[in-house]
Every structure is written in C-alpha cells, then in structure tokens.
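**Student:** Numbering (the numbering used here), first residue to last: 25 to 112.
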Amino acid sequence: MVDHLQDPTVTGKIPRSNPPGSKILIRWIFGGLTVWGIAQAIGAYSFNHDPRRPLIVLACVGAFLGFWVWLLVVFKNRQKQNSARAEE
Numbered sequence: 025m026v027d028h029l030q031d032p033t034v035t036g037k038i039p040r041s042n043p044p045g046s047k048i049l050i051r052w053i054f055g056g057l058t059v060w061g062i063a064q065a066i067g068a069y070s071f072n073h074d075p076r077r078p079l080i081v082l083a084c085v086g087a088f089l090g091f092w093v094w095l096l097v098v099f100k101n102r103q104k105q106n107s108a109r110a111e112e
C-alpha cells in the first residue's frame with residue numbers, strides 16, 4: 025500500500041491539482057504562441073504590404089492569450105476559495 029497518498033476526506037485538504045513545473049510550461053507555451061503570432065503577422069504583412077493585416081493577426085493572438093490568462097486567473101481564484109472553505 026501507498027502510505028504517503030492519503031484520502032482527502034481524512035486529511036481535510038484538497039489535493040493539489042497543478043503539477044510542479046506547470047507555470048514554467050505555461051510560460052513556454054505563451055512564448056511560443058507569441059512568436060508564432062509575430063511570424064504570422066510578418067507573413068501577413070509581406071503578402072501585400074497592408075499594415076492592417078498584421079494588426080488583425082496580432083489582435084487575434086492577443087485576444088486568445090488574454091482570454092487564456094483570464095481563465096487561468098479565474099481557475100486560480102476558485103482554487104483559493106475552495107481551499108479556504110476546506111480549511112474552515
């Protein structure tokens with residue numbers, strides 16, 4: 025049997041849902057998506073040199089990343105609320 029894994033109902037603690045290193049992984053993904061968006065914007069501009077095209081691409085990438093950050097913040101706040109309720 026595994027002794028270090030305890031039942032959350034016995035300990036009263038909610039198990040950790042974020043693995044170690046997840047913040048670093050998310051930063052790498054965000055960085056990669058940012059570089060990808062910049063590359064797409066450069067390609068959109070070089071197609072016919074219209075400055076609106078890369079702005080649209082960058083706005084879409086920024087909106088996607090902003091929505092993702094918002095979801096991560098909401099998830100983190102819910103985790104804090106749930107852990108505070110479990111401690112009461």
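Ideal Cβ positions, reconstructed from N, Cα and C, are used throughout, including at glycine.
#1: State the DSSP-derived secondary structure class of S70, mapped to helix, strand or coil.
#2: If I'm right that V85 touches L57 with Cβ under 8 angstroms, what's the distance once you round it to whole angstroms?
#3: Run the CB neighbour count on A65, radius 10 Å, all protein chains shown included, and call it buried at 16 or more, exposed below.
#4: For P43, does the three-state DSSP call read helix, strand or coil?
#5: Classify P78 as helix, strand or coil using the three-state DSSP reduction.
**Tutor:** Quick answer:
#1: Mapped onto the sequence shown, residue 70 falls at position 46. Residue state, collapsed to three classes: helix.
#2: For the purposes of this step, residue 85 is taken as residue 61 along the sequence shown, with counting starting at 1. For the purposes of this step, residue 57 is taken as residue 33 along the sequence shown, with counting starting at 1. V85 to L57, Cβ: 7 angstroms. Contact.
#3: Position 41 of the sequence shown, counted from the start, is the residue given in the question as residue 65. Buried is the call here.
#4: Translated into positions along the sequence shown, residue 43 becomes position 19. Note: P43 maps to coil in three-state DSSP.
#5: Taking the sequence shown and counting its residues from 1, one reaches residue 78 at position 54. Helix.
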